[in-house]
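Structure first, then comments.
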Amino acid sequence: MSEGNPTQTKTICIIGAGAAGLAALRAILDSPQYKSGLWKPIAIEARHRVGGVWLPDSAADIHPPSLPMTPLYDSLTTNLPHPVMCFPSFPFPPSTPIFPVAARVQTYLESYAAHFKLTPFIRLNTVVTDVRRASSKWAVQLNHTENSEFDFVIVANGHHKIPRYPNVHGLQNWLAGNKATHSVWYRRPHNMGGKVLVVGGGPSGDDISAEMRYACTTLIRSISNASNQDESQNFKIRGRLTGFGTAGDVFFEDGSKETGVDHCILATGYQVSLPFLPNSILHPALPPPCPPLPDILHNSTYHIFPLARHIFPLQSTFPPTSLVFMGLPVRVAPLPVMEAQAAAIVRAFANPETAFDPERETHDLLARYARLAHSVRGDPAAIARIWSVFQEDEQFTYQDELYAFAGRDDIRVPQWRKDMYAAKVLLRSFWVELERRGEADEWVKGVGEGPAGADEWATLLQRLLRAAEEWESNK
């Protein structure tokens with residue numbers, strides 16, 4: 001599994017300088033291998049600054065088919081309390097609002113890069129255009145013209161750019177007629193007509209619906225598995241969308257329809273896209289049913305398979321610790337997960353034979369496959385859709401296991417993070433209420449300035465949750 005002389009300097013290419021790429025770079029620079037001159041890392045970032053999805057697009061107005069570099073809309077705030085979503089090793093600054101706006105997250109990531117002296121190892125305005133195996137190394141092409149070779153590649157390019165569209169009748173006609181757009185282009189509420197449909201039950205769908213209901217006469221929200229509700233004269237909830245007709249007709253799974261819809265916003269998620277990996281490395285298709293595991297990586301656009309620990313490719317084309325992936329799990333607090341993944345990657349790079357057991361990893365991966373297959377009656381497409389979706393406390397077990405894999409048994413997810421993640425919806429609702437009252441700033445004033453640091457944020461969140469529960473019970 002190992003290649004070459006272990007005392008020879010190894011080069012590492014990190015694709016992306018968003019949160020995942022920064023976490024990987026910091027972990028590498030902290031390693032004894034880097035400090036002894038055995039590792040030489042570089043992070044390649046396509047944009048002009050670090051930050052990834054949190055860096056706003058410089059273009060004021062980008063319209064289909066041109067894709068913006070980020071789906072950030074003007075009013076976006078985090079949907080997790082920042083003490084829960086931040087890198088555990090680097091809290092947000094004192095007095096930061098509990099649910100900060102995107103600009104504060106971008107500043108936080110830039111501060112992380114500056115604090116840990118990552119900037120000299122980041123190359124900006126450079127696009128990775130091709131990555132393929134060349135003997136015992138990885139040939140990486142930059143900007144279509146420049147070629148370099150690396151011993152290790154970390155794929156940390158994010159997955160919030162290529163829109164995912166629902167496969168429903170009539171949608172292409174609506175898209176062609178500019179009657180439907182994906183939320184990747186949404187920036188702020190504006191006149192889209194009197195009757196607007198928002199499709200999708202995730203956080204973006206929540207935020208866009210909340211804004212657009214005051215920019216139109218009637219707002220319809222389509223959410224899979226929802227029951228029909230008319231919450232007011234101008235706000236309706238409907239179930240799964242099944243088709244688009246002519247003259248503004250839209251149809252739903254229960255057989256109902258709405259007429260006269262002027263525009264539809266599709267907050268329907270994004271595809272996993274790795275255009276720099278050729279089909280010989282990453283096959284663009286659903287993987288076949290398991291067991292056995294396929295001999296080549298597959299990209300279903302929902303997941304990359306098979307990856308041990310959602311990171312390491314279990315296939316026969318190249319060593320599983322030479323090309324690795326970060327940031328694929330969803331419905332998680334992403335930055336803590338990325339920091340744990342980075343620790344595991346560093347251990348695997350440093351000690352591939354002792355740290356990585358292919359037989360055990362295959363057993364664990366097939367066990368997960370069997371559990372998920374049972375839950376969806378063996379449907380390969382359904383398995384792909386839910387593969388990277390973590391349930392309940394799964395993300396916390398995952399982080400603990402990654403740190404154990406990395407030899408860091410001293411690191412475990414504290415209970416307060418689990419509790420506050422579970423209460424995230426109530427906490428956010430209460431925080432919005434505090435902002436409405438003008439009391440939010442007073443809650444966080446000075447928090448984080450004392451010697452307790454991150455513990456002060458934990459104490460505040462516990463106090464905030466008690467107040468939120470009392471507020472909820474009195475509504």
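Okay, so the sequence shown: first residue is 1 according to full-length UniProt numbering, each after it adds one.
The beta carbon of each residue, even a glycine, is placed where N, CA and C say it ideally should be.
Remember, it's a predicted structure, so these values are computed and weren't measured experimentally.
With contact defined as three or more Cβ pairs closer than 8 Å, the segment 206–223 and the segment 94–109 are not in contact. If the five residues before and after residue 356 are omitted, its C-beta is found closer than 6 Å to the C-beta atoms of 321, 348, all from its own chain and listed in chain order.
Counted as a single uninterrupted DSSP element, the alpha helix (DSSP H) harbouring residue 174 occupies residues 171–176. Counting only runs of at least 3 residues, the segment 176–207 fully encloses the following beta strand (DSSP E) elements, listed from N- to C-terminal order: 180–182, 195–199. In this model, residue 203 and residue 333 are separated by some 14 Å (Cα to Cα). Per DSSP, residue 276 lies in no alpha helix (DSSP H) segment and is marked neither H nor E. Distance between residue 436 and residue 231, taken at the CA atoms: about 22 Å. Pairing residue 156 with residue 367, the inter-Cα distance amounts to about 26 Å. In this model, residue 41 and residue 340 are separated by some 19 Å (Cα to Cα).
As a beta-bridge residue in DSSP terms, residue 43 pairs with 14, 122. In this model, residue 396 and residue 425 are separated by some 18 Å (Cα to Cα).
Around the beta carbon of residue 132, a 10 Å sphere encloses fewer than 16 other beta carbons of the protein chains shown; the residue is thus reported as exposed. Annotated three-state conformation of residue 364 is helix, per DSSP. Bounds of any beta strand (DSSP E) do not take in residue 400; it lies within the alpha helix (DSSP H) bounded by 394–405. Within the segment 291–354, complete beta strand (DSSP E) segments of at least 3 residues are found at 297–299, 323–325, given in chain order. In this structure the segment 404–421 touches the segment 69–89; the number of beta carbon pairs closer than 8 Å is three or more. If you draw a straight line from the Cα of residue 474 to the Cα of residue 467, it is about 11 Å long. Of the candidates 438, 434, 433, 460, 460 places its Cα closest to the Cα of residue 446. Per DSSP, the unbroken beta strand (DSSP E) holding residue 131 starts and ends at 128–134. Straight through space, the alpha carbons of residue 259 and residue 326 are spaced by roughly 44 Å. Taking all protein chains shown into account, residue 279 has fewer than 16 neighbouring C-beta atoms within 10 Å of its C-beta and is therefore exposed.
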